[in-house]
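Below: the structure, in C-alpha coordinates.
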Amino acid sequence: LPDLGPLIVPPKDHLLSGYYKISRHYGYSLNYVLNTLNYEAIIITEDDLEVSPDFLDYFQALYPLLKYDKTLWCISAWNDNGIDKKIDRQANLLHRTDFFPGLGWLLTRTVWNEIKDDWPQAFWDDWMRKPEQRRDRACIRPEVSRTGISPEVIIS
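When you number the sequence shown by full-length UniProt numbering, it's gap-free, plus one each residue, and the end is 156.
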(Lines of atoms letter the chains of each structure in order from A and count residues from 1; the text may use other names and numbers.)
(Lines give C-alpha, C1' and ligand atoms only; values in the text may rest on other atoms or scores of the structure.)
Protein backbone atom coordinates (compact mmCIF):
# COMPACT_ATOMS: atom_id res chain seq x y z
CA LEU A 1 0.00 0.00 0.00
CA PRO A 2 1.16 3.55 -0.60
CA ASP A 3 2.57 5.55 2.28
CA LEU A 4 -0.23 7.88 3.32
CA GLY A 5 1.43 8.95 6.55
CA PRO A 6 2.42 12.48 7.40
CA LEU A 7 4.83 14.14 5.01
CA ILE A 8 8.08 15.59 6.22
CA VAL A 9 8.05 19.03 4.65
CA PRO A 10 10.77 21.52 5.58
CA PRO A 11 9.31 24.65 7.22
CA LYS A 12 10.47 26.82 4.30
CA ASP A 13 8.35 24.65 1.95
CA HIS A 14 5.18 24.41 4.06
CA LEU A 15 3.15 26.19 1.36
CA LEU A 16 4.49 23.73 -1.21
CA SER A 17 3.36 20.49 0.44
CA GLY A 18 1.40 19.57 -2.71
CA TYR A 19 4.70 19.04 -4.52
CA TYR A 20 5.78 16.60 -1.83
CA LYS A 21 2.48 14.71 -2.15
CA ILE A 22 2.79 14.52 -5.92
CA SER A 23 6.35 13.22 -5.78
CA ARG A 24 5.43 10.54 -3.25
CA HIS A 25 2.41 9.54 -5.34
CA TYR A 26 4.45 9.36 -8.55
CA GLY A 27 7.22 7.34 -6.92
CA TYR A 28 4.76 4.82 -5.50
CA SER A 29 2.71 4.60 -8.70
CA LEU A 30 5.67 4.21 -11.03
CA ASN A 31 7.17 1.49 -8.87
CA TYR A 32 3.84 -0.31 -8.49
CA VAL A 33 3.04 -0.37 -12.21
CA LEU A 34 6.55 -1.13 -13.43
CA ASN A 35 7.84 -3.48 -10.73
CA THR A 36 4.83 -4.94 -8.93
CA LEU A 37 2.52 -5.29 -11.93
CA ASN A 38 5.63 -5.88 -14.08
CA TYR A 39 4.76 -3.68 -17.06
CA GLU A 40 7.60 -2.80 -19.43
CA ALA A 41 6.62 0.85 -19.71
CA ILE A 42 4.15 3.44 -18.50
CA ILE A 43 2.57 6.59 -19.91
CA ILE A 44 2.38 9.29 -17.26
CA THR A 45 -0.26 11.99 -17.43
CA GLU A 46 -1.47 14.60 -14.97
CA ASP A 47 -4.99 15.42 -13.88
CA ASP A 48 -4.98 18.76 -15.70
CA LEU A 49 -3.70 17.39 -19.00
CA GLU A 50 -5.73 17.61 -22.17
CA VAL A 51 -4.68 15.07 -24.80
CA SER A 52 -4.99 15.02 -28.58
CA PRO A 53 -7.00 12.38 -30.45
CA ASP A 54 -3.74 10.69 -31.56
CA PHE A 55 -2.12 10.76 -28.09
CA LEU A 56 -2.06 6.97 -27.60
CA ASP A 57 -1.20 6.30 -31.26
CA TYR A 58 1.78 8.65 -30.87
CA PHE A 59 3.17 6.64 -27.96
CA GLN A 60 2.39 3.31 -29.57
CA ALA A 61 4.33 4.34 -32.66
CA LEU A 62 7.34 5.60 -30.69
CA TYR A 63 7.56 2.93 -28.00
CA PRO A 64 9.77 0.59 -30.12
CA LEU A 65 12.20 3.47 -30.64
CA LEU A 66 12.43 4.08 -26.88
CA LYS A 67 12.77 0.37 -26.18
CA TYR A 68 15.68 -0.24 -28.54
CA ASP A 69 17.54 3.08 -28.82
CA LYS A 70 19.74 3.24 -25.72
CA THR A 71 20.52 6.92 -26.39
CA LEU A 72 16.92 7.74 -25.38
CA TRP A 73 15.38 7.78 -21.93
CA CYS A 74 11.85 9.09 -22.52
CA ILE A 75 9.24 10.04 -25.07
CA SER A 76 7.18 13.16 -24.37
CA ALA A 77 3.97 14.35 -25.98
CA TRP A 78 4.73 17.98 -25.10
CA ASN A 79 6.70 20.66 -26.95
CA ASP A 80 7.73 23.33 -24.44
CA ASN A 81 8.40 25.69 -27.35
CA GLY A 82 5.26 24.75 -29.26
CA ILE A 83 3.77 28.20 -29.73
CA ASP A 84 1.16 27.82 -32.46
CA LYS A 85 2.47 30.54 -34.79
CA LYS A 86 6.10 29.49 -34.32
CA ILE A 87 6.00 25.78 -35.14
CA ASP A 88 6.09 23.73 -38.30
CA ARG A 89 2.60 22.16 -38.45
CA GLN A 90 3.95 18.76 -39.58
CA ALA A 91 2.41 16.32 -37.12
CA ASN A 92 5.07 13.68 -37.84
CA LEU A 93 8.05 15.93 -37.07
CA LEU A 94 10.00 14.84 -33.98
CA HIS A 95 12.98 16.25 -32.11
CA ARG A 96 15.58 14.94 -29.69
CA THR A 97 16.03 17.11 -26.62
CA ASP A 98 18.26 17.18 -23.56
CA PHE A 99 15.45 18.89 -21.62
CA PHE A 100 12.87 16.67 -19.91
CA PRO A 101 9.54 18.01 -21.21
CA GLY A 102 7.12 15.97 -19.09
CA LEU A 103 3.39 16.71 -19.57
CA GLY A 104 2.46 13.33 -20.96
CA TRP A 105 5.47 11.05 -21.23
CA LEU A 106 6.54 7.45 -21.65
CA LEU A 107 9.04 5.78 -19.31
CA THR A 108 10.45 2.24 -19.39
CA ARG A 109 10.93 -0.05 -16.42
CA THR A 110 14.66 -0.14 -17.20
CA VAL A 111 15.02 3.62 -16.79
CA TRP A 112 12.75 3.67 -13.72
CA ASN A 113 14.94 1.07 -12.03
CA GLU A 114 18.01 3.22 -12.73
CA ILE A 115 16.53 6.30 -11.03
CA LYS A 116 14.05 5.02 -8.43
CA ASP A 117 16.45 4.72 -5.50
CA ASP A 118 17.20 8.44 -5.68
CA TRP A 119 13.60 9.55 -6.29
CA PRO A 120 13.14 13.01 -4.71
CA GLN A 121 10.78 13.97 -1.92
CA ALA A 122 9.49 16.91 -3.98
CA PHE A 123 9.89 18.71 -7.29
CA TRP A 124 10.31 15.45 -9.19
CA ASP A 125 10.16 17.15 -12.61
CA ASP A 126 13.06 19.49 -11.81
CA TRP A 127 14.98 16.48 -10.53
CA MET A 128 14.30 14.61 -13.78
CA ARG A 129 15.96 17.45 -15.70
CA LYS A 130 19.30 17.01 -13.95
CA PRO A 131 22.16 15.40 -15.89
CA GLU A 132 22.53 12.65 -13.26
CA GLN A 133 19.15 11.24 -14.28
CA ARG A 134 19.46 11.90 -18.00
CA ARG A 135 22.93 10.29 -18.25
CA ASP A 136 23.67 11.82 -21.66
CA ARG A 137 20.45 10.45 -23.14
CA ALA A 138 17.73 12.38 -24.92
CA CYS A 139 13.97 12.54 -24.90
CA ILE A 140 11.91 12.60 -28.05
CA ARG A 141 9.37 15.39 -28.25
CA PRO A 142 6.97 16.32 -31.04
CA GLU A 143 6.96 19.52 -33.03
CA VAL A 144 3.17 19.59 -32.58
CA SER A 145 2.27 18.94 -28.94
CA ARG A 146 -0.09 16.06 -28.24
CA THR A 147 -0.96 17.53 -24.83
CA GLY A 148 -2.04 20.82 -23.35
CA ILE A 149 -2.70 22.11 -19.85
CA SER A 150 -6.22 22.86 -18.70
CA PRO A 151 -6.28 26.43 -17.37
CA GLU A 152 -8.90 25.57 -14.72
CA VAL A 153 -6.81 23.12 -12.70
CA ILE A 154 -3.80 23.91 -10.52
CA ILE A 155 -1.75 21.67 -8.23
CA SER A 156 -4.05 19.44 -6.23
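The beta-carbon is built from N, C-alpha and C at its ideal position, and this holds for glycine as well.
What you are looking at is a predicted structure, and each value in this text was computed from that prediction instead of being measured.
- In this structure, the beta-carbon distance from Asp98 to Arg134 falls below 8 Å.
- Taking 8 Å as the cut-off, the beta carbon of Ser23 is found closer than this to the beta carbon of Ala122.
- Going by beta carbons, Tyr19 and Leu7 fall outside the 8 Å limit.
- DSSP places Thr45 in no alpha helix (DSSP H); its state is neither H nor E.
- Cys74 and Phe100 have their C-alpha atoms roughly 8 Å apart.
- Annotation for Pro142: no alpha helix (DSSP H) segment contains it, though the beta strand (DSSP E) segment containing it runs Ala138 to Pro142.
- Taking C-beta separations shorter than 8 Å and ignoring five residues to either side along the sequence, the partners of Phe55 in its chain run Ala77, Gly104, Arg146 and Thr147, following chain order.
- Within the DSSP bridge table, the entry for His95 names Arg141 as partners.
- Per DSSP, the unbroken alpha helix (DSSP H) holding Thr110 starts and ends at Arg109 to Ile115.
- Under the DSSP definition of a beta bridge, Ser76 partners with Trp105.
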